[in-house]
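Here is the structure we will look at.
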Amino acid sequence: MKRAADPDTAFVVVYSATLERDPSIHDGSGNATLDLDALNSVTGDGATGKLVVSFDAEPTSKKVIATMTNLSNNGERPRTGKYVFFKEPGKGGSLKFVDTLALGCAGPGGSSTGTTPVSAVARIVVTASGEIHFRADAGATGGQVAAGDKWEGVTCAQSVDRRHHPSENFWMMKLEDSTGATVQGSSRQSSGVTAAACDAVFGTVPAVDNAATDFDFSTVDFTTDDPLPFPGM
């Protein structure tokens with residue numbers, strides 16, 4: 082891409098991609114790169130950063146990785162992060178990511194400007210009866226959040242089979258201070274679920290009133306391409 086009046090030597094690459102596939106076994110792999118810095122050098126519209134996506138699809142598993150570096154458009158606050166999605170048909174899957182997000186409400190003593198590093202993990206399992214069970218945990222510290230405080234959240238969902246979208250049956254969000262005490266928080270459980278709201282296979286569920294069972298995000302390496310393990314993986 083270049084301006085019409087510029088010489089051919091002024092061309093810049095805004096988007097590039099590669100793809101390899103074997104239709105006989107329904108697999109494939111590839112990657113794509115979107116360079117908004119290069120685009121901005123031509124258009125001057127203010128878009129910045131880079132987005133890189135890669136995928137690997139095999140008969141037994143699928144993995145997608147997305148990496149953002151200072152990605153911003155239309156005046157949005159720049160985002161830097163990494164997402165790794167993985168699934169195995171008939172067994173389950175997972176997602177892990179860390180991303181610098183602009184929080185609309187950072188909590189008492191927090192800031193309305195800037196961004197906050199948010200970490201999240203999600204795990205999905207297919208039960209022996211064909212039900213889909215899901216749990217996601219998220220945490221946020223630093224950035225816009227007051228020093229020493231931490232946001233912690235969890236949600237769980239289940240479906241009757243793989244043809245139906247899982248329905249959320251438990252939700253919790255809380256803000257903790259530096260001692261782990263809850264500053265504010267709430268939780269909800271669906272009255273339509275008679276079994277435990279969150280499948281025990283995912284481990285102990287964080288409590289709204291204490292930090293004893295909070296998810297330990299330090300056990301997850303968000304920098305690698307390795308998928309987050311899920312039960313039965």
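Position 28 (the sequence shown) corresponds to 109 in this note's numbering; numbering is contiguous.
Note that beta-carbon positions come from the ideal geometry of N, C-alpha and C, so glycine has one too.
As the crow flies, the alpha-carbon of Leu-182 is around 21 Å from that of Trp-252. Contact between the segment 120-135 and the segment 150-169 is present: three or more C-beta pairs spanning the two stretches fall below 8 Å.
Secondary-structure assignment with DSSP links Ser-200 through a beta bridge to Val-179, Gly-220. Classified as exposed, Cys-186 has fewer than 16 neighbouring CB atoms from the shown chains inside 10 Å of its CB. The bridge partners DSSP lists for Ser-210 come to none.
Per the DSSP secondary-structure output, Gln-225 pairs with nothing in a beta bridge. A distance below 7 Å between beta-carbons, with the five flanking residues on each side excluded, links Thr-99 to the following residues of its chain, in chain order: Gly-111, Asn-112.
Along the segment 88-155, the alpha helix (DSSP H) occurs as fully enclosed runs of 4 or more residues at 117-124, listed in sequence order. Scanning the segment 232-277 from its first residue to its last, the whole beta strand (DSSP E) runs of 3-plus residues come out as 248-257, 263-270.
The DSSP-derived three-state label of Val-301 is coil. Excluding sequence positions up to five before and after Leu-309, its CB lies within less than 6 Å of the CB of Ser-175, Lys-177, Val-202, all in the same chain and listed in chain order. Shown here, Phe-166 sits in a strand according to DSSP, grouped into three states. For Phe-283, the three-state secondary structure derived from DSSP is helix. Taken through DSSP and simplified to helix, strand or coil, Gly-188 comes out as coil. Around the CB of Asn-250, 16 or more other CB atoms lie within 10 Å, so the residue is classed as buried. By the neighbour-count definition (other C-beta atoms within 10 Å, threshold 16), His-107 is an exposed residue. The same chain holds no residue with a CB closer than 7 Å to that of Ala-228 once the five nearest residues on each side in sequence are set aside.
CA-CA distance, Gly-171 to Glu-101, rounds to 25 Å.
In this structure, the CA atom of Phe-136 is about 8 Å from the CA atom of Gly-109.
The Cβ neighbour count for Arg-204, taken over all protein chains shown within 10 Å, is at least 16; the residue is labelled buried. The bridge partners DSSP lists for Arg-160 are Leu-152. For Gly-173, DSSP records a beta bridge to Glu-169, Val-206. Closest by C-alpha distance to Cys-279, out of Gly-313, Gln-265, Gly-224, Val-206, is Val-206.
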